[in-house]
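Undergrad: Residue numbers (our numbering), protein chains in the order written: chain A, 37 to 233; chain B, 1406 to 1687; chain C, 8 to 237.
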Amino acid sequence: MRWTAVMLAADLPPGAAAGTTVDGTDLAVWRSASGAVHAWTDRCPHRGMRLSHGFVRGETLACIYHGWRYGTDGACRHIPAHPSLTPPKTIAATDHACREAGGLIWVGGTGEPPVIEHPHPVRSLEVAAPPEAVARAFGAAEGVRVLDLDGRAATLALQPVASAATRIHALCARPDDRLALSRALDARRARAEGDAA
Amino acid sequence: MTIAPADRAAWYPAAPSSAVTEGHATPTVLLGEGVALFRTDGVAAATGADRRALAVTERYDHVWVCPGTPDRALFAIPEAAMPGRRAVPCGSIHVRCSPLRAVENFLDIAHFPFIHTGILGEEPHTEVNRYDVRIDDDLDEVWARNITFHQPQASVSAEGALDVRYEYRVPAPTTAILYKTCPARPAEWDVIAIFVQPVSEETCIAHPWMTMFDDATPHADMVAFQQTIFLQDRSILENQIPARLPLDPGMEVPTQADLTSIAYRRWLKRRGHAHGAQLVAA
Amino acid sequence: MTPVLHDWVLDAGCYRVRLLASLLGADLDLRSVDVHPGDALRSEAFLLLNPAGTLPVMEVDGSVLTDGPACLTWLAATHDAGWLGDPSPGGRAALQHWLGVSHELAATLGAARPMDMLGASGDPRPLRLAGRGHLRRLDAALARGRWDGRAFLLGDRPTIADVACFPDVALAGDCGMSLDPYPSIRLWMRAVRGLPGFVPMPGIHPLHEASPFPEDARGSGADAARGTAA
């Protein structure tokens, strides 16, 4: 199974949760206070609420709706409506493989995520076009590609979101290149969306 | 789309009375079908997509429509006629969720500390004590009684935190009524209802309405309080997966705090309501 | 004299003013306006106060302010001018830029919201599309600030620029727009929500993560419930 980069590691500080989507599957990605990252199906088993709207306390992610609290293994640890109850082990969020490596957060793969040479995060951006159109406009392959963007070296990791949405996570070799690369990404996005329209 | 007979035979809110005026048609949608509302010489009427006249009744500041042949009269809210009460229609809120999800959320107290923080609940007062729920076979309604919950600001007129008593009643598939401790008159109930208009299986319009003993609070403040509560819920309702309410066990995990919701789902299934429900686990 | 804010709980423009007042510790005398369902903005009494028929309206020292950023400017200038940002030419220009953006956000995302939420007339789709352009540019600008360690629009401290732009962005979900594609906006919103004195509004949750576990607040430990292995 190939790893998919879903966000820049710098965009998910300890104690934060965020939603993302890989090929139509909605995920809640979160980082506990101690720094470990996790990706779960974006759905609380209790009432189906998106866990990405929830809140992190310590080593738990709590659902915003009723505060049900899940530990890093996905098991429900605490139900506020019944504070003295030990939740049955069967109540658990659905865990997905999740790793932090090379300045990116990766989900859904096996083995080691790809090695990323470029250490400086630029930014992530969404393109309203399918992955093939985005790969064409950016001169990148699906997955991860090191390339020269208007004379500046960059790593682009592509995330297929939905049939007409792709996210790009960009890193670069030199901090001084970030602004120019950010502008170049915006310009290429406009081109990709123009082609797709 | 075919609509189950039980869904066709039920009463639904179609508009606030104030939106249906003499001299022109007010278009709306019920169970995915276009409906036109009229008022002639003060009396409300409705036609369906094929211009067929539909059963209409006007109560509680809203126009109610039955898309088929009603199998009963519109439920009664006897408190509405009590002298000294003020009826307050609180607007019409469009929500991208099943009408049944909107009702179920209204029947839930365990979310108060997290969604209505500082108003209807707050940590650490999260515990939901055991309460009584039954499907009343004579009335064919769901009732929940003997609910108490700690509330920091139970209503506009409440002064400080209170242990508030609640009763819930579901008299129709998309209507729920809450009876709640009245701070001004402890022997009486404040009555707060949610009339949910099923636009489609995954969209609805909620019309909150209440009748209270409160001579002091300005009208706009009473509306604002109820809108605050309901709009806090809206961001939850639009983010539940699936959008339809699962009636079969297995998709979701209830606890003792969810007894009202369990009874509501069972009652819907027993009566054959399918609109807005997910009947097979996806 | 305490300023009077003619207010509606669901109005993003009024929320800007309530939020800044709370952040500043400034008093406001709130007067609820029954905008929906009462349609009070078109009442004669309201039009006499503000002929434009819009909120917010703030009455201060005998004058009537009817523009959101103007209300913010007045509150900041009378309580803590630090919220107006750096008084250099560049700082003043940047402030005006973002106050202008806040009007654009209100005219796009803010205008789509009552259509989606209250069934107000109009087509929200072109407004959402234009709003998406604003969100993209805001996210890029915030990302650029983060490279230099700046958490807020004008630097490392919040200003009325943040307060002016925050509500319509944070309420984008109300008109069916996900903020998932905008990581720097997410971090900026978290920074705003974490400010001392922050108050939420319907559609914007308080920062529950900033509160301790209630069992810790009560002084009893419960390792399992806190997720740490016993």
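Ideal Cβ positions, reconstructed from N, Cα and C, are used throughout, including at glycine.
All figures in this text were calculated on a predicted structure; none of them were measured in a lab.
(1) Run down chain C in chain order and give the residues with a C-beta less than 7 Å from the C-beta of Phe91(A).
(2) Are the beta-carbon atoms of Ala1460(B) and Val1470(B) separated by less than 8 Å?
(3) Jot down the residue ranges of each uninterrupted beta strand (DSSP E) in the stretch 153 to 230 of chain A, minimum 3 residues, whole runs only, in chain order.
(4) Between which two residues does the beta strand (DSSP E) harbouring Met196(C) extend?
(5) Compare the Cα-Cα distances from Arg1671(B) to each of Val1425(B), His1499(B), Leu1505(B), Thr1445(B) and report the closest residue.
(6) Go ahead and pull the three-state DSSP assignment for Leu91(C).
(7) Below 8 Å CB to CB, which residues in the same chain sit around Ala220(A) once its five sequence neighbours on both sides are set aside?
(8) In the DSSP assignment, find the alpha helix (DSSP H) that holds Phe1517(B) and state where it starts and stops.
(9) So with CB distances below 7 Å, who are the chain C contacts of Phe1519(B)?
(10) Is it buried or exposed, Ala72(A), if we count other Cβ atoms within 10 angstroms and call 16 or more buried?
(11) Check the C-beta distance from Ala1549(B) over to Tyr1536(B) and give it rounded, since I have them as a contact under 8 Å.
(12) If you draw a straight line from the C-alpha of Gly156(C) to the C-alpha of Arg200(C), how long is it?
(13) Check this for me: beta carbons of Leu35(C) and Leu12(C), under 8 Å apart or not?
(14) If you measure beta-carbon to beta-carbon, which residues of the stretch 1648 to 1662 of chain B are closer than 7 Å to chain A?
(15) Alpha carbons only, please: which of Arg1675(B), Phe1511(B), Ala1454(B) is nearest the one belonging to Pro1472(B)?
(16) Please state whether the Cβ-Cβ distance between Thr1608(B) and Pro209(C) is less than 8 Å.
(17) Cβ closer than 7 Å: which chain C residues qualify as neighbours of Asp222(A)?
(18) For Ala117(A), which residues in chain B fall below 7 Å Cβ to Cβ?
(19) Return the residues of the stretch 185 to 206 of chain C that lie within a Cβ-Cβ distance of less than 9 Å from chain A, sorted by chain order.
(20) With DSSP run on the structure shown, which of helix, strand or coil describes Val1425(B)?
(21) Can you tell me whether DSSP reads Trp104(A) as helix, strand or coil?
(22) Could you tell me the distance, in whole angstroms, from the CA atom of Leu72(C) to the CA atom of Ser29(C)?
(23) Return the first residue and the last residue of the alpha helix (DSSP H) that Val170(C) is part of.
(24) Can you say whether His1429(B) is buried or exposed, counting buried as having 16 or more other CB atoms within 10 angstroms of its CB?
(25) For the 8 Å Cβ check, are there 3 or more pairs between the stretch 1488 to 1497 of chain B and the stretch 1598 to 1614 of chain B?
(26) Taking 8 Å as the cut-off, decide whether the C-beta atoms of Ile1540(B) and Tyr101(A) are in contact.
(27) Are the C-beta of Met85(A) and some C-beta of chain C separated by less than 8 Å?
(28) For Gln103(C), is the classification buried or exposed, using 16 other Cβ atoms within 10 angstroms of its Cβ as the cut-off for buried?
(29) Kindly indicate which three-state DSSP category Gly4(C) falls into: helix, strand or coil?
(30) If we ignore side chains and look at the alpha-carbon of each, how far apart do Gly1677(B) and Phe159(C) end up?
(31) Are three or more beta carbon pairs between the stretch 112 to 130 of chain A and the stretch 40 to 52 of chain A nearer than 8 Å?
(32) Comparing the C-beta of Ala137(C) with each C-beta of chain A, is any distance below 8 Å?
(33) Considering just the uninterrupted stretch of the beta strand (DSSP E) at Arg135(A), what are its terminal residues?
(34) Can you find the residues in the same chain that come closer than 6 Å, C-beta to C-beta, to Val42(C), ignoring five residues on each side of it along the sequence?
TA: So, to answer that:
(1) Result: His215, Glu216.
(2) In contact: Ala1460(B) and Val1470(B) (Cβ atoms closer than 8 Å).
(3) Taking only runs of at least 3 residues, the beta strand (DSSP E) segments lying wholly in the stretch 153 to 230 of chain A are 156 to 163, 180 to 185, 188 to 198, 201 to 208.
(4) Following the DSSP letters along the chain, one finds Met196(C) in no beta strand (DSSP E) but inside the alpha helix (DSSP H) bounded by residues 190 to 200.
(5) For the residues Val1425(B), His1499(B), Leu1505(B), Thr1445(B), the minimum Cα distance to Arg1671(B) belongs to Leu1505(B).
(6) Three-state result, Leu91(C): helix.
(7) If we look at Ala220(A) and ignore the five residues flanking it on each side, its Cβ neighbours are Leu185, Asp186, Arg188.
(8) Going by DSSP, Phe1517(B) is part of the alpha helix (DSSP H) stretching over 1517 to 1520.
(9) Per Cβ cutoff of 7 Å: His215.
(10) Answer is exposed; the Cβ neighbour count stays below 16.
(11) Contact between Ala1549(B) and Tyr1536(B) holds: their C-beta atoms lie close to 6 Å from each other, under 8 Å.
(12) Inter-residue distance for Gly156(C) and Arg200(C) is about 18 Å (C-alpha atoms, whole angstroms).
(13) Yes, these two residues count as a Cβ contact at 8 Å.
(14) Within the stretch 1648 to 1662 of chain B, contact with chain A at the beta-carbon level (separation under 7 Å) is assigned to Glu1657, Val1658, Thr1660, Gln1661, Ala1662.
(15) Pro1472(B) has its Cα closest to that of Ala1454(B), out of Arg1675(B), Phe1511(B), Ala1454(B).
(16) Contact: no.
(17) Ordered by position in chain C, the residues that pass the 7 Å Cβ test against Asp222(A) are Ala147.
(18) Near Ala117(A) (Cβ distances below 7 Å), the residues of chain B are Ala1515, Thr1531, Glu1532, Val1533, Thr1660, Ala1662.
(19) Of all residues in the stretch 185 to 206 of chain C, only Ser185, Leu186, Asp187, Pro188, Tyr189, Pro190, Ser191, Arg193, Leu194, Arg197 place a beta-carbon less than 9 Å from a beta-carbon of chain A.
(20) In the structure shown, Val1425(B) sits in coil (DSSP, three-state: anything other than H, G, I, E or B).
(21) Looking at Trp104(A) - three-state DSSP - the assignment turns out to be coil, as it is neither helix nor strand.
(22) Near 19 Å, if we compare the C-alpha coordinates of Ser29(C) and Leu72(C).
(23) That run of the alpha helix (DSSP H) goes 167 to 177.
(24) His1429(B) counts as exposed, since fewer than 16 other C-beta atoms from the protein chains shown sit within 10 angstroms of its C-beta.
(25) They touch, by the three-pair rule.
(26) Contact flag unset, no.
(27) Closer than 8 Å: no.
(28) Around the beta carbon of Gln103(C), a 10 Å sphere encloses fewer than 16 other beta carbons of the protein chains shown; the residue is thus reported as exposed.
(29) Any property of residue 4(C) remains undetermined from this structure, which presents chain C solely from 8 to 237.
(30) In this structure, the alpha-carbon of Gly1677(B) lies about 54 Å from that of Phe159(C).
(31) When C-beta atoms of the stretch 112 to 130 of chain A are compared with those of the stretch 40 to 52 of chain A, fewer than three pairs fall below 8 Å, so the two segments do not count as touching.
(32) Chain A has no Cβ within less than 8 Å of the Cβ of Ala137(C).
(33) 134 to 137 is the span of the beta strand (DSSP E), which, as asked, contains Arg135(A).
(34) Hits under 6 Å: Trp15, Leu48.
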